[in-house]
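Trainee: Residue numbers (our numbering), protein chains in the order written: chain E, 32 to 190; chain Z, 32 to 190. Input: one structure, supplied below.
2 protein chains.
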Amino acid sequence: MTEPRWLNADERRAWLALLSINTLLPAALDTQLQAAGKLSLFDYNVLAMLSEADGRFLPMSELAARTSASLSRLSHVVTKLQRRGWVEREAHPGDARVTVAHLTEAGMETIVSLAPGHVDAVRALMLDAMTDDDVADLARIGEKIVARLDDDHWILRER
Amino acid sequence: MTEPRWLNADERRAWLALLSINTLLPAALDTQLQAAGKLSLFDYNVLAMLSEADGRFLPMSELAARTSASLSRLSHVVTKLQRRGWVEREAHPGDARVTVAHLTEAGMETIVSLAPGHVDAVRALMLDAMTDDDVADLARIGEKIVARLDDDHWILRER
DNA sequence: TTGTTTTAGTTGAAGCTTCAAGTAAGTGAA
DNA sequence: TTCACTTACTTGAAGCTTCAACTAAAACAA
């Protein structure tokens with residue numbers, strides 16, 4: 032009967048740190064975004080992904096992939112963003128099953144106005160704590176973990 | 032007028048990877064724990080922190096600190112765990128403001144039975160993706176970020 | 001064709017988290 | 001002492017996320 036392998040010191044440190052970052056970082060960014068524009072980090076990311084997409088629109092599935100969200104969660108959130116006038120739903124010309132989420136002009140203005148403060152917060156909360164080498168290491172290790180969690184995650188799609 | 036400094040390639044990779052891990056990893060662990068014992072990752076961590084504490088009890092504030100949670104969130108969850116017979120609330124002898132959360136025998140049995148499967152999942156989902164050096168790097172960098180987010184976070188308390 | 005399976009998305013309800021407000025006890029200052 | 005402030009929680013409501021069920025269209029198979 033094999034004993035379950037417990038975590039060694041570094042493994043435990045890495046795991047606990049990730050767990051804490053996981054709770055604290057989104058909470059801090061949520062607070063900043065809530066103050067700046069009454070939206071959540073997830074709302075922001077939905078708008079950001081659309082703003083970077085060709086033509087500022089994406090099928091719901093693709094948008095869900097780029098925000099690591101379930102279709103259900105995304106659908107509810109898009110409904111909310113739609114009510115605020117930031118996103119519209121459109122039919123897909125080639126495939127009637129597909130719904131396309133389209134960033135409106137108002138949505139674009141919102142994200143343009145919010146982006147600088149958000150990027151500053153990301154810097155202040157994590158990037159400024161690291162050296163350039165740390166950032167490169169974190170990028171490399173982080174992508175390994177992402178690959179393990181989701182083999183063809185979109186952030187791994189470029190060369 | 033200073034342009035807001037945008038993210039460079041590594042910074043963007045690190046940030047996007049962390050964001051994705053942040054969504055995918057808890058979701059995967061939640062799924063495992065939900066299947067194994069109908070509890071969430073947060074529930075599990077509350078039980079785990081109590082099981083490791085001296086006497087298997089902690090003041091609510093300290094338990095909140097060790098789970099990076101708000102007191103409100105913890106209070107709701109402890110109520111739920113109490114209903115399942117895993118935790119009890121007790122008065123603190125020296126300070127009447129303090130509530131002490133105490134792991135019951137049933138709670139201890141629960142966590143003992145769940146721990147091996149959970150640790151296996153943590154290994155399978157993240158640790159096995161990394162070399163030993165990666166793990167050490169992640170521990171070091173992760174703790175830097177935690178320190179930035181919360182200067183006297185409990186995971187930084189040991190020497 | 002026709003039936004079956006898969007893909008894409010929506011919905012309502014249940015459960016979880018946050019937020020604001022409130023209670024009660026300890027601490028500190030005059 | 002007394003009053004004001006801070007600390008340690010709890011609570012209910014509102015909002016968010018997940019889950020299961022459902023619809024409808026596309027793809028596939030016989």
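Beta carbons are placed, not taken as given, at the ideal position from N, Cα and C, and that holds for glycine. These numbers were taken from a predicted model, which means no experiment stands behind them.
(1) Keeping to the same chain, check which residues put their C-beta closer than 8 angstroms to that of Met32/Z; ignore five residues upstream and five downstream.
(2) Check whether chain E comes within 9 angstroms of Ile142/Z, counting only Cβ atoms and requiring the distance to be less than that.
(3) In whole angstroms, give me the CA-to-CA distance for His107/Z and Leu47/Z.
(4) Please state the DSSP three-state secondary structure of Pro90/Z.
(5) Please report the straight-line C-alpha distance between Ala160/E and Leu60/E, rounded to a whole angstrom.
(6) Does Val177/E come out as helix, strand or coil in the three-state DSSP assignment?
(7) If the criterion is Cβ atoms closer than 9 angstroms, does the pair Gly91/E and Val131/E meet it?
(8) Please classify His123/Z as buried or exposed, where buried requires at least 16 other C-beta atoms within 10 Å of its C-beta.
(9) By a C-beta neighbour count over all protein chains shown, 10 Å radius and 16 as the cutoff for buried, is Gly173/E buried or exposed?
(10) For the candidate residues Ile186/E, Gly68/E and Thr54/E, whose alpha-carbon lies nearest to that of Arg145/E?
(11) Kindly identify the DSSP beta-bridge partner or partners of His133/E.
(12) Any beta carbon of chain E sitting closer than 9 angstroms to that of Val129/Z?
(13) Which first and last residues belong to the alpha helix (DSSP H) in which Gly68/Z is found?
(14) Residue range of the alpha helix (DSSP H) that Leu81/E falls in?
(15) Considering only the alpha carbon of each residue, which of Gln65/Z, Ala100/Z and Tyr75/Z lies closest to Ala58/E?
(16) Short check: CB of Leu72/E to CB of Leu64/E, under 9 angstroms?
(17) Is Asp182/E helix, strand or coil by DSSP?
(18) Can you tell which of Asp126/Z, Arg115/Z and His184/Z has its C-alpha closest to the C-alpha of Glu140/Z?
(19) In whole angstroms, what separates the C-alpha of Asp151/E from that of Ala45/Z?
(20) Quick check on Val143/E: buried or exposed, where buried means 16 or more other Cβ atoms within 10 Å of its Cβ?
(21) Listing by chain order, which chain Z residues have their CB less than 9 angstroms from the CB of Val110/E?
(22) So if I threshold CB-CB distances at 8 angstroms, which residues from the segment 174 to 188 of chain E count as touching chain Z?
(23) Beta-carbon of Glu42/E versus every beta-carbon of chain Z: anything under 9 angstroms?
(24) With Ser106/Z as the anchor, note down where its alpha helix (DSSP H) starts and where it stops.
(25) Could you have a look at Pro124/Z and say whether DSSP puts it in helix, strand or coil?
(26) Give me the residue from Thr135/Z, Arg43/Z, Arg179/Z and Leu94/Z with the minimum Cα distance to Gln113/Z.
(27) Measuring only between beta-carbons, confirm whether Asp159/Z sits less than 9 angstroms from chain E.
Mentor: For this structure:
(1) Here residue 32/Z refers to the residue found at position 1 when the second sequence is read from its first residue. Confidence in Met32/Z is poor, its pLDDT being 42 and thus under 50, which makes the residue's placement too unreliable to answer from.
(2) By 1-based counting over the second sequence, the position of residue 142/Z is 111. Output row for Ile142/Z: interface = no.
(3) Working through the second sequence from its first residue, we reach residue 107/Z at position 76. Working through the second sequence from its first residue, we reach residue 47/Z at position 16. Rounded to the nearest angstrom, the two C-alpha atoms are 32 angstroms apart.
(4) Position 59 of the second sequence, counted from the first residue, corresponds to residue 90/Z. In the structure shown, Pro90/Z sits in a strand (DSSP, three-state: E or B).
(5) Locating residue 160/E in the first sequence gives position 129, counting from the first residue. Locating residue 60/E in the first sequence gives position 29, counting from the first residue. In a straight line, the C-alpha of Ala160/E is about 16 angstroms away from that of Leu60/E.
(6) Locating residue 177/E in the first sequence gives position 146, where the first residue counts as 1. Helix at Val177/E.
(7) By one-based count along the first sequence, residue 91/E stands at place 60. By one-based count along the first sequence, residue 131/E stands at place 100. It is Met, not Gly, that sits at residue 91/E in the sequence shown. Yes.
(8) Mapped onto the second sequence, residue 123/Z falls at position 92. Label assigned to His123/Z: exposed.
(9) Working through the first sequence from its first residue, we reach residue 173/E at position 142. Label assigned to Gly173/E: buried.
(10) Translated into the one-based positions of the first sequence, residue 145/E becomes position 114. Before going further, note that residue 145/E is Leu rather than Arg in the sequence given. Cα-wise, what sits closest to Leu145/E is Gly68/E.
(11) The residue labelled residue 133/E in the question sits at position 102 within the first sequence. His133/E is bridged to Phe88/E and Glu119/E.
(12) Within the second sequence, numbered from 1, the residue matching residue 129/Z stands at position 98. So, not an interface residue.
(13) As a working note, residue 68/Z is residue 37 in the second sequence. Taken as a continuous stretch (DSSP letters only), the alpha helix (DSSP H) holding Gly68/Z covers Ala40 to Gly68.
(14) As a working note, residue 81/E is residue 50 in the first sequence. Start and end: Leu72 to Glu83.
(15) Here residue 58/E corresponds to residue number 27 of the first sequence, with the count starting at 1. Among Gln65/Z, Ala100/Z and Tyr75/Z, the Cα nearest to that of Ala58/E belongs to Ala100/Z.
(16) Against the first sequence, residue 72/E aligns to sequence position 41. Against the first sequence, residue 64/E aligns to sequence position 33. Cβ distance < 9 angstroms, so Leu72/E and Leu64/E count as in contact.
(17) The residue given as residue 182/E occupies position 151 in the first sequence. Residue state, collapsed to three classes: coil.
(18) For the purposes of this step, residue 140/Z is identified with residue 109 of the second sequence, where counting begins at 1. Between Glu140/Z and the set Asp126/Z, Arg115/Z and His184/Z, the nearest pair of CA atoms involves Arg115/Z.
(19) Reading the first sequence from its first residue, position 120 is the one you call residue 151/E. Reading the second sequence from its first residue, position 14 is the one you call residue 45/Z. Between Asp151/E and Ala45/Z, the C-alpha separation is close to 15 angstroms.
(20) The residue you call residue 143/E lines up with position 112 of the first sequence. With fewer than 16 Cβ atoms within 10 Å of its Cβ, Val143/E is classed as exposed.
(21) For this step, residue 110/E is matched to residue 79 along the first sequence. The question names Val, yet the displayed sequence has Thr at residue 110/E. The premise fails here: Thr110/E is roughly 20 angstroms from chain Z at the closest Cβ pair, so nothing lies under 9 angstroms.
(22) Glu174, Lys175, Ile176, Val177, Ala178, Arg179, Leu180, Asp181, His184 and Ile186
(23) On the first sequence, residue 42/E is found 11 positions in, with the first residue counted as 1. Residue-level contact check: Glu42/E touches chain Z, since one or more beta carbons of chain Z fall below 9 angstroms from its beta carbon.
(24) Taking the first residue of the second sequence as position 1, residue 106/Z is located at position 75. Counting along the chain, the alpha helix (DSSP H) containing Ser106/Z begins and ends at Leu102 to Arg114.
(25) Counted from its first residue, the second sequence places residue 124/Z at position 93. Here Pro124/Z sits in coil by DSSP.
(26) In the second sequence, counting from the first residue as 1, residue 113/Z sits at position 82. Checked all of Thr135/Z, Arg43/Z, Arg179/Z and Leu94/Z; the closest Cα to Gln113/Z is Thr135/Z.
(27) The residue given as residue 159/Z occupies position 128 in the second sequence. By this cut-off, Asp159/Z is an interface position.
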